[in-house]
Amino acid sequence: MNLHDIGHVSETAGKAFTVTLTLNVEDARALWAAAADKALQAGMTLSDVLDTIGPREDPAIADCIAMLTAPNAIAGCALDEFTVELATSADLVRSPRDGRPILKSVTG
């Protein structure tokens, strides 16, 4: 399929889509270091970094993940919402292929 062959895209105009990404934090210090590096490269001061994601010894995990996963602009789309929250065990089910936890899908 060639992208130029898509002639009728108006069927999806105005519809909302949800993209779900579930992460298992295995090394909070490595996560903090990556988030701090990205923030510093974006022009934040070290003081601002510490205020935003906390110190390396006690990182604000959700804020670190948000720093690293905040989406860039996507052509033709408007971002309605971006949140990072701790998934509770009630929100997780096991993937049948490899046993990793994944978020339960909500249908409706």
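Numbering follows my numbering, in which position 34 of the sequence shown is assigned residue number 49; successive positions increment by one, without gaps. Glycine included, every Cβ here is placed at the ideal spot set by N, Cα and C. Computed from a predicted model, the values in this text were never measured in an experiment.
Contact between the region 88-106 and the region 58-71 is absent: fewer than 3 CB-CB pairs across the two stretches fall below 8 Å. Taking a C-beta distance under 8 Å as the contact criterion, A49 and L101 do not qualify as a contact pair. In the displayed model, V99 falls within coil according to three-state DSSP, outside both helix and strand. Bounds of any alpha helix (DSSP H) do not take in V40, whose DSSP letter is neither H nor E. L65 sits in a helix when the DSSP states are folded into three classes. A45 and T37 have their C-alpha atoms some 18 Å from each other.
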